[in-house]
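As structure tokens, the structure follows; a few thoughts come after it.
2 protein chains.
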Amino acid sequence: MTSLKFVFLFLLISFSASAQKDYKLWLQYNVVSNSSIASEYKNNLKEIVVLGNSETIKIAQKELQTAFQDMLGAIPEIKSDIKGENNLIVGSQSSLNAEIKKELKSDFDKINTEGFIIKTVFTKNKKQIVITGKNDVAVLYGVFSFLRILQTNKAIKNLDILDSPKTRIRILNHWDNLDRTVERGYAGFSLWNWQKLPDFIDQRYIDYARANASIGINGTVLTNVNANALILTPQYLEKVEALANVFRPYGIKVYLTARFSAPIEIGNLKTADPKDPEVINWWKNKAVEIYKRIPDFGGFLVKANSEGQPGPQNYGRDHVDGANMLADAVTPFGGVIMWRAFVYSEHDANDRAKQAYSEFQPYDGKFKDNVIVQVKNGAIDFQPREPFHPLFGAMPKTPLMMEFQITQEYLGFSTHLVFLPKLFQEVLESDTYEKGKGSTVAKVVDGTLHQNKLTGIAGVANIGNDLNWTGHPFAQANWYGFGRLVWNPYLDSEIIADEWLRSTFSNDENFVKPVKKMMIESREAVVNYMTPLGLHHIMDTGHHYGPGPWVSNLSRPEWNPTYYHKADKNGIGFDRSKTGTNATAQYMPEVEKLFDNLETCPEKDLLWFHHVSWDYKLKNGQTLWNGLALKYQEGVDQVKEMQNVWKKTEKYIDSERFHEVGMLLEIQYKEAKWWRDACLLYFQQFSGKGLPKGVEKPTQTLDYFKSLKFPFAPGNG
Amino acid sequence: MTSLKFVFLFLLISFSASAQKDYKLWLQYNVVSNSSIASEYKNNLKEIVVLGNSETIKIAQKELQTAFQDMLGAIPEIKSDIKGENNLIVGSQSSLNAEIKKELKSDFDKINTEGFIIKTVFTKNKKQIVITGKNDVAVLYGVFSFLRILQTNKAIKNLDILDSPKTRIRILNHWDNLDRTVERGYAGFSLWNWQKLPDFIDQRYIDYARANASIGINGTVLTNVNANALILTPQYLEKVEALANVFRPYGIKVYLTARFSAPIEIGNLKTADPKDPEVINWWKNKAVEIYKRIPDFGGFLVKANSEGQPGPQNYGRDHVDGANMLADAVTPFGGVIMWRAFVYSEHDANDRAKQAYSEFQPYDGKFKDNVIVQVKNGAIDFQPREPFHPLFGAMPKTPLMMEFQITQEYLGFSTHLVFLPKLFQEVLESDTYEKGKGSTVAKVVDGTLHQNKLTGIAGVANIGNDLNWTGHPFAQANWYGFGRLVWNPYLDSEIIADEWLRSTFSNDENFVKPVKKMMIESREAVVNYMTPLGLHHIMDTGHHYGPGPWVSNLSRPEWNPTYYHKADKNGIGFDRSKTGTNATAQYMPEVEKLFDNLETCPEKDLLWFHHVSWDYKLKNGQTLWNGLALKYQEGVDQVKEMQNVWKKTEKYIDSERFHEVGMLLEIQYKEAKWWRDACLLYFQQFSGKGLPKGVEKPTQTLDYFKSLKFPFAPGNG
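Given below as structure tokens:
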């Protein structure tokens, strides 16, 4: 046999190599190629001592085994008691021996129930690494955090980490319908295969739970806010129960959306009036029924009296009546009600940006303790950029939950690369001035500003049944980054990008450095080529894909892009200052003053708050028209630069993901030009001015752009 | 480092192990564990000589490399000329050297343009294996066939294989809509991500093409027979072109469904009358436009004047007028028209089973040469069992294409394990007696009975974007088996099951033997627990999932199960004999006689052709009522036995697929009982008789079964 000329191809690309890498998300567990780091890891991880045998602890153990096998090529022996040294000891506080417990006493005092400790300790003169927490799920969080250290090739010689989540409800909102379509979903269809539940447990449910646990997400709302009452029938609750059973050992609670009219639709009642005794009773019984199946059921998310959804106002009641009635039903079981403040009415002629504040601010202090009001990050609707929502900082007696959108409804679906943690961070760092300078949105949301016990951040999921979960390989970073920021709303998005790139692709600095820069700048690129200088909601109608600043024929005025940009011969922008709708008055005086004054209003928010003359001089000396055109061009150029950066990554990563991202960036570049050309040609009709030097000629006519139709754009409705 | 206690876990189950195995279909390329077989392979495959450098040949080379790496742990060196011996020589006829060409001269005379030769030859006293054919795609077929030999661990010492496909159009019909829902799709949603096409080429498109090429499928209809005309607009044709470019090197042609009214809907014409010069011209121009993009475009599949679809009859024309008009449009480019014979009308009071024959048989000989009439295997609609369609054997002057349904619309969706090649084989082996005994359906379809040049078999695909492609791991066998049978309609389904099991799971006889038996028997099990003794179309309405023999309120009589079983106090069954609708007269006299006579009619088709008294004595001595009840019980028992067989396979296969199939069999068992109980309780109302000994008591009441509703059952419409 020695005469055979066999050539080993180590990097042979087989059938599903791509599928597998894409599928593994940030848990690639790539081989540690730096031999001194690998040695350090092996020397410090001679055995693993696993304490406890709950499902959660078994998951933690399996995770360590998988990771060590893949990263180090072998698995330290698993033990159940401590003998040698340089062991990894994994277990909850109560499972630790007295000596270690004592050693960690003061550390345990500093973490909360979900926090963990990763620490190098010496017991009987033997050096060990301990991963622990107050319960098994906290231990699992510690294990994933430890593996992140390994994945990013950081030192483990001397560890001393205490980390607790700063928010209580860290939750994904799935806008998934029972027919498996996903409203605003761009990564295929719903993961939840209701047809095969409860008896068939898809491996993806487990992998989904695992991915979420790895970033500290502890809740999931399975169903769309535009809810179908059938989810609350026994036929479906049985299926929800099966999912809850899968998610439980990963520390993930299941929540559902409650359709306010469910008592009528599935309960045979004549009303859904929250003051009606039969209705109250129906919800109480429904809660009993649910908690009997799912003792740790999280509670309900409710969209009421918004965009056609039923709600308490149908019966002359208000949001407080509705929320508190549901709160009472789940109180005996520790459940919560997440009541959305995303409301605006076709019967309200007021600036849409003002309506949620106007309606909800007066309710401050009136909700029950287990109600949290869920507020979108901005006052309109998940735009590429919005000033922070004025409700943050305006309801000191009410817990407010942040609602971010991870799925890219208004940001290029799953074909545009945009790193959203940069957007989330901008919102969280915004200063409300509620209690003076430094009263950031993050402090409102994590409860430190008002000492709220109930806190949370929700993210509208970008997850579907695509092989790679999120449609775009880089959209995985938005899921990841959401989880990391929700755990710690003060985390810098650069750190998140760094962790994610290393865990997902490579630790090579020549890869990480330029690609991280590309990610960080990607969000501003999208703002530039879609909605620069405070423009907003000028996407095409319904599906929200591509530009549609000309759309003006929708039945409700506030659904039309023309409502938002108000371009005319004199200029462009929505006057929300005191000469206009006075929306600025909804902010604290310091902020109001800043936004209200054309001179002090940040240029990134300019056209959000002001109608500005085409000849207005921007800070860089350009007229508004020229500056706007140059911003659009800048966005296009930034995408071109992203392409250049990406082209140089080929040698660092697998060819499939390299090609995937390359194809997607090509689409993004094409569409950035589409945005630039369509918007500038349209606005040019009002400005009557030529394009400044440096802005490329349009590739098509305005009529061409207006003629484009996308009847089957995904995620629409 | 030697002191470290590292334990290697070779079979560690990581994150995506299951996803990967499921995804790889029958191309697992498992390690050849038998060392003498592995040695034989290595000894006979010292180098690979690849001749040619077309895309197709590169694919063949990559396939061999992937397979050898995975099965033998190493890859023989790739050469471009023959030097040593015991080489594998891969290339088309024209690329072979003169000596080998001469050696294979008589073999080439025996294969058709898609056939291949796999042969051990001696040139210059050196032994080599040659894989060749008349073109590169034929070579690729040969390579996949060769790899099947290896995957099934068969000897390669002395090969002499000539194999040509017996049908020309071997095609999948995707009933995929432009919004990615799939009519009758139970494996997720459409693979075709129209939103991201043409610029994003999903790896799955490539993997799909590869899987199809491996079983000889050479065509795919991308869109639903209930067609949307937008697919014929430039916006979509650009996307179709991108898919055609991906599929071409794999020998797969793209076809589309043509909505007959497209000239009105997207052409701005006032009519779609096939005799109207403007309409004729519109289709001619459309063909020119399509072929400019896709020079090897296959042609159109048309569902016309059926179930509400538009067609020539809307203009007082007939199917021949419609088909021939379209045929003329694609003739200059070698395209074909597949015109479906699946028609029945609410204005026709005749037995639905008779209508397609009544309408189409008189057209025999009237279609243009490039029209093929596509006929479902039975006269109703893809039931668990139907007698063969009477059009087979009744249109000697017209090429007839078989339409099978691979997706399990009426056979338990993707939760029931049923091996459909057994069903397909039964149909193909049926004797039409058209030219005397032995005039089987297979001979009609492969053209040998009437010397048709245009031949084909279509299968309604069961493929979706589920990780494992088909929803049920064993549903992959139906895709595989369809391909194999279409290549050779005389192949025994046991051979297919054997090949598939070995390629997909294991060559261990202790696994293969019992599981093969289980597969072969699975189809009869489904017939028994759903529709024994010739019953048909008693599924619940719309979605067709689960039993609904009581349904009688649909607007069209022939949509109601009661129309089909006609149970009453006297008995049950549809009298299609000469005392009834005389549908039997549509068959040749020998067959007519057989079916028409209650005594000779096969009991498996009894209630299809006869209304039979409850007290009728079956061949086994039981009364019809008792026999029917016992058949239902037998079906349930067979599923129980399938579970028993499967439970013993754990040690032979990966745990994920073991558990997946286990969960699905549990669902199947539950639902087999549901079928038995619901049907027997319902029919018992008419028979007025008790259940015979051996039949288990119903688990619920009839009212309970009638109350079950599945508003979001997948694939519905």
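Chains A and B, in that order, give the protein sequences.
Per UniProt numbering, the very first residue in the first sequence carries number 1; after that it's consecutive.
Per UniProt numbering, the very first residue in the second sequence carries number 1; after that it's consecutive.
Even for Gly, the Cβ is constructed at its ideal location relative to N, Cα and C.
Quiz prompt | Neighbouring residues, chain B, relative to A:Gly188 (Cβ below 7 Å) | solution = Going along chain B in sequence order, the residues near A:Gly188 (Cβ under 7 Å) are Phe189, Asn465.
Exercise. Pick helix, strand or coil for A:Leu237, following the three-state DSSP scheme.
Key: helix
Exercise. Report yes if the C-beta distance between B:Ile171 and B:Thr220 is below 8 Å; otherwise report no.
Key: yes
Self-check item: Presumed contact (8 Å Cβ cut-off) between A:Phe705 and A:Pro547, rounded CB distance
Solution: 7 Å
Quiz item: B:Lys196 versus chain A: which residues are under 7 Å apart at the beta carbon?
Solution: Thr415
Exercise. Compare the Cα-Cα distances from B:Lys453 to each of B:Gly459, B:Lys443, B:Tyr291 and report the closest residue.
Key: B:Lys443
Quiz prompt | Positions along the stretch 650 to 665 of chain B whose CB lies within less than 7 Å of some CB in chain A | solution = Glu656, Met663, Leu664
Quiz item: Can you list the alpha helix (DSSP H) stretches of 4 or more residues lying completely in the stretch 245 to 311 of chain A, in chain order?
Solution: Taking 4 residues as the shortest admissible run, the stretch 245 to 311 of chain A contains the following complete alpha helix (DSSP H) segments, listed from N- to C-terminal end: 262 to 265, 277 to 293.
Self-check item: Residue closest to B:Arg523, alpha-carbon to alpha-carbon, out of B:Ala458, B:Leu420, B:Gly481
Solution: B:Leu420
Practice problem: Could you check the C-alpha separation between B:Val288 and B:Lys196 for me, to the nearest Å? | Solution: 26 Å
Self-check item: Closest by C-alpha distance to A:Gln374, when choosing among A:Asn716, A:Pro384, A:Phe360, A:Lys366
Solution: A:Phe360
Quiz item: What are the boundary residues of the beta strand (DSSP E) that B:Met338 is part of?
Solution: 336 to 340
Quiz item: Should A:Gln451 go down as buried or exposed, given a rule of 16 or more other Cβ atoms within 10 Å for buried?
Solution: exposed
Practice problem: Answer yes or no: does any C-beta atom of chain B fall closer than 8 Å to that of A:Asp199? | Solution: For A:Asp199, the answer is yes, since a Cβ of chain B falls inside 8 Å of its Cβ.
Quiz item: If you compare alpha carbons, which of A:Gly571, A:Lys647, A:Asn644 is closest to A:Lys617?
Solution: A:Gly571
Quiz item: So does B:Leu230 have its beta carbon nearer than 7 Å to some heavy atom of the ligand MN?
Solution: The ligand MN is not part of this structure, which contains no ligands at all.
Quiz prompt | CB contact check: B:Ile667 to chain A, cutoff 8 Å | solution = yes
Practice problem: Could you confirm whether any beta carbon from chain A is found closer than 8 Å to the beta carbon of B:Pro547? | Solution: Not closer than 8 Å to any Cβ of chain A, the Cβ of B:Pro547 fails to qualify, so no.
Self-check item: is_contact[A:Val130, chain B] using C-beta, thresh 8 Å
Solution: Taking Cβ atoms only, chain B never reaches closer than 8 Å to A:Val130, which makes this a no.
Self-check item: chain A contacts made by the stretch 686 to 714 of chain B, where a contact means CB separation under 9 Å
Solution: Leu708, Lys709, Phe710, Pro711, Phe712, Ala713, Pro714
Self-check item: Test: A:Leu222 CB closer than 8 Å to a CB of chain B
Solution: no
Quiz prompt | Run of the alpha helix (DSSP H) containing B:Ala138, from where it starts to where it stops | solution = First-last of the alpha helix (DSSP H) with B:Ala138: 136 to 151.
Exercise. Taking A:Leu400 and A:Val445 to be in contact with their CB atoms under 8 Å, please state how far apart those CB atoms are, rounded to whole angstroms.
Key: 7 Å
Practice problem: For B:Asp179, go through chain A and note every residue whose CB falls closer than 7 Å to its CB, in chain order. | Solution: Phe712
Exercise. Could you tell me the boundaries of the alpha helix (DSSP H) in which A:Asn44 lies?
Key: 35 to 44
Practice problem: Quick one: give me the first and last residue of the beta strand (DSSP E) that A:Leu618 is part of. | Solution: No beta strand (DSSP E) holds A:Leu618; DSSP gives it neither H nor E.
Quiz item: So which residues on chain A does B:Gln476 lean against when the C-beta distance must stay under 7 Å?
Solution: By Cβ distance, chain A contributes nothing, its closest Cβ being about 14 Å from B:Gln476, past 7 Å.
Practice problem: Please confirm if B:Leu230 has its CB atom under 8 Å from at least one CB of chain A. | Solution: yes
Quiz item: Which same chain residues, not among the five before or five after B:Lys134, have their C-beta less than 6 Å away from its C-beta?
Solution: Gln93, Thr113
Quiz item: Going by the CB atoms, is the gap between B:Asn626 and B:Pro692 shorter than 8 Å?
Solution: yes
Exercise. Pull up the distance between the alpha-carbon of B:Met518 and that of B:Asn644, whole angstroms please.
Key: 10 Å
Exercise. Grab the span of the alpha helix (DSSP H) containing A:Val427 for me, first residue to last.
Key: Annotation for A:Val427: the continuous alpha helix (DSSP H) segment containing it runs 421 to 429.
Quiz item: Excluding sequence positions up to five away, which residues of its chain have a Cβ less than 8 Å from the Cβ of residue 781 of chain B?
Solution: Past the edges of chain B, shown from 1 to 717, lies residue 781 of chain B, and the structure says nothing about it.
Quiz item: Starting from A:Lys631 and walking both ways along the alpha helix (DSSP H), at which residues does that stretch end?
Solution: 624 to 647
Quiz item: Skipping 5 residues on each side, what residues in its chain have a beta carbon closer than 7 Å to that of A:Leu159?
Solution: Ile118, Lys119, Thr120, Ile129
Self-check item: Supposed close pair B:Trp487, B:Pro165 - CB separation, criterion 8 Å
Solution: 5 Å
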